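Trainee: I'd like to ask you about the structure that follows.
Residue numbers (full-length UniProt numbering): 1 to 351.
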């Protein structure tokens with residue numbers, strides 16, 4: 001008996017030679033790069049085909065109101081990001097349409113700073129110099145098809161520039177980028193340039209409850225430095241957080257938490273209870289003065305960079321609007337989970 005996927009394959013145009021381009025809603029999307037591959041590729045081709053020809057298919061629902069999500073699946077697949085393509089095809093999230101409601105939701109999530117906000121001045125801390133190997137490792141950690149930054153630089157550009165020239169044992173680009181990274185980690189970011197380096201563009205994704213999830217697309221170099229900083233402290237901070245927190249530096253932490261919860265629920269007595277708390281807009285509500293002071297106390301090695309990024313307000317650009325962000329951490333900032341866990345730890349320890 002044929003599976004639904006096989007029946008769809010045999011009944012679709014993809015079972016024969018593929019077209020050079022697919023046309024949908026007046027747009028042309030290259031399909032040759034999707035062919036020929038084996039079973040997993042066939043699965044993805046059916047997903048893309050169903051998005052184009054039958055948005056109401058029983059196999060693959062088209063979640064986007066404009067039926068354009070399949071286009072992103074095709075582009076992501078073309079960039080050889082299989083994991084990202086499958087996530088897009090099966091995700092309930094899509095980019096929210098522009099409008100006043102979305103803008104007001106953004107304003108509600110990015111509240112002004114508290115009146116008593118008073119960040120601490122940077123102290124004389126000098127992190128160790130960044131090595132070329134650290135830069136190369138961080139560049140390779142970017143997923144395929146990662147989004148470009150506000151200045152148009154994307155991780156793929158870094159990959160191409162960091163390649164070793166044939167007549168040299170090392171990459172000059174890695175050498176220069178390592179020196180630049182050392183300066184930023186030491187806090188030597190000129191105040192005039194901070195707004196260009198730490199600002200970000202926003203996209204709005206829908207949430208299951210009907211709300212909006214803002215995703216910040218920051219400068220690629222800033223994201224690279226955040227990866228370097230996180231890798232440096234991951235071992236020490238995972239030991240510091242464990243076992244109270246499993247959200248940073250603990251490999252398989254989410255799976256461990258799920259199994260622990262199931263184990264507790266299976267052996268819990270009638271006199272005991274389990275409380276599950278969900279913070280509302282948690283990342284955007286963390287007070288930065290508390291975050292800076294706690295970072296200085298717990299993890300001073302990368303405090304200068306955190307001070308440069310979060311001691312002043314930065315701008316978030318969405319469509320033609322500019323939002324001022326004075327509280328919390330940037331969504332999608334690699335330092336975000338670490339900084340949030342550092343602040344949260346001061347409340348968990350007394351418990």
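All residues carry an ideal CB built from backbone N, CA and C; glycine is no exception. The structure displayed is predicted, hence computed values, not measured ones.
1) Might you give, ordered along the chain, the residues of its own chain that have their beta carbon closer than 7 angstroms to the beta carbon of residue 242, omitting 5 neighbours on each side?
2) Take residue 440 as the anchor and find which of 159, 299, 247 and 330 has the nearest alpha-carbon.
3) Thinking just about the alpha-carbon of each residue, which of 295, 322 and 222 is nearest to the one in residue 182?
4) Check each candidate in 185, 203, 175 and 217 and name the one with the smallest Cα separation from residue 154.
5) Around the C-beta of residue 158, are 16 or more other C-beta atoms found within 10 angstroms, so that it is buried, or is it exposed?
6) Note down the Cα distance separating residue 312 from residue 191, rounded to an integer number of angstroms.
7) In the DSSP output, which residue or residues are listed as bridge partners for residue 326?
8) Quick check on the burial criterion: 16 or more other C-beta atoms within 10 angstroms. Buried or exposed for residue 324?
9) Would you kindly work out how many angstroms separate the C-alpha atoms of residue 345 and residue 176, rounded to a whole number?
10) For residue 139, which of helix, strand or coil comes out of DSSP?
11) Less than 7 angstroms between C-beta atoms, sequence neighbours within five positions excluded: which residues of the same chain meet that for residue 261?
12) Please classify residue 151: does DSSP put it in a helix, a strand, or coil?
13) So who's on the other strand from residue 99, going by DSSP bridges?
14) What are the uninterrupted segments assigned as alpha helix (DSSP H) that are 4 or more residues long and contained completely in the region 193-280, given in chain order?
15) For the region 259-278 against the region 197-211, do three or more pairs of beta-carbon atoms, one drawn from each stretch, fall closer than 8 angstroms, so that the two count as touching?
16) Closest by CA to residue 162, which one among 136, 141, 149 and 291?
17) Name the DSSP beta bridge partners of residue 315, please?
18) Could you tell me if residue 20 is buried or exposed, where buried requires 16 or more neighbouring beta carbons within 10 angstroms of its beta carbon?
19) Touching or not, the region 264-276 and the region 285-297, by the rule of three or more beta carbon pairs under 8 angstroms?
20) Tell me whether residue 129 sits in a helix, a strand or coil according to DSSP, three-state version.
21) Please classify residue 126 as buried or exposed, where buried requires at least 16 neighbouring CB atoms within 10 angstroms.
22) Do residue 295 and residue 283 have their C-beta atoms within less than 8 angstroms of each other?
23) Where residue 307 and residue 265 are concerned, what is the direct C-alpha to C-alpha distance, given to the nearest angstrom?
24) Less than 8 angstroms between the C-beta atoms of residue 185 and residue 229, yes or no?
25) Can you have a look at residue 321 and say buried or exposed, based on whether 16 or more other CB atoms are within 10 angstroms of its CB?
26) Rounded to whole angstroms, what is the Cα-Cα separation between residue 276 and residue 257?
27) DSSP on residue 105, reduced to helix/strand/coil?
28) Looking at C-alpha atoms only, which residue of 208, 338 and 211 is the closest neighbour of residue 300?
29) How far does the alpha helix (DSSP H) with residue 294 in it reach, from first residue to last?
30) Assuming residue 202 and residue 340 are in contact, meaning their beta carbons sit under 8 angstroms apart, how far apart are those beta carbons, in whole angstroms?
31) Within 10 angstroms of the Cβ of residue 212, are there 16 or more other Cβ atoms? Answer buried if so, exposed if not.
32) Taking the alpha carbon of residue 147 as the reference point, which residue from 348, 343, 332 and 107 has its own alpha carbon closest?
33) Hey, would you say residue 227 sits closer than 8 angstroms to residue 141, going by beta carbons?
34) Under DSSP, the alpha helix (DSSP H) around residue 350 begins and ends at which residues?
Mentor: Checking against the coordinates, here is how it stands:
1) Cβ neighbours of residue 242 within its own chain (closer than 7 angstroms, five residues either side excluded): 250.
2) Nothing can be reported for residue 440, as the shown portion of the chain is limited to 1 through 351.
3) Residue 222 holds the alpha-carbon nearest to the alpha-carbon of residue 182 among 295, 322 and 222.
4) 217
5) buried
6) The C-alpha of residue 312 lies about 10 angstroms from the C-alpha of residue 191.
7) Among the bridge pairs identified by DSSP, residue 326 is matched with none.
8) Residue 324 should be labelled exposed.
9) 37 angstroms
10) helix
11) Around residue 261: no qualifying Cβ.
12) DSSP places residue 151 in coil when its eight states are reduced to three.
13) Answer is none; residue 99 lacks a bridge partner.
14) 220-241 and 253-267
15) no
16) Minimum Cα distance to residue 162 is reached at 136.
17) The bridge partners DSSP lists for residue 315 are 324.
18) Confidence at residue 20 is low in this model, with a pLDDT of 37, below 50, so the placement of that residue should be treated as unreliable; the coordinate-derived value is given next. With fewer than 16 other Cβ atoms within 10 Å, it is exposed.
19) no
20) coil
21) exposed
22) no
23) 42 angstroms
24) yes
25) exposed
26) Cα to Cα, the separation comes out at about 12 angstroms.
27) helix
28) 338
29) 288-298
30) About 19 angstroms; that fails the 8 angstroms criterion.
31) Classification for residue 212: buried.
32) 332
33) yes
34) Here residue 350 belongs to no alpha helix (DSSP H), and DSSP marks it neither H nor E.
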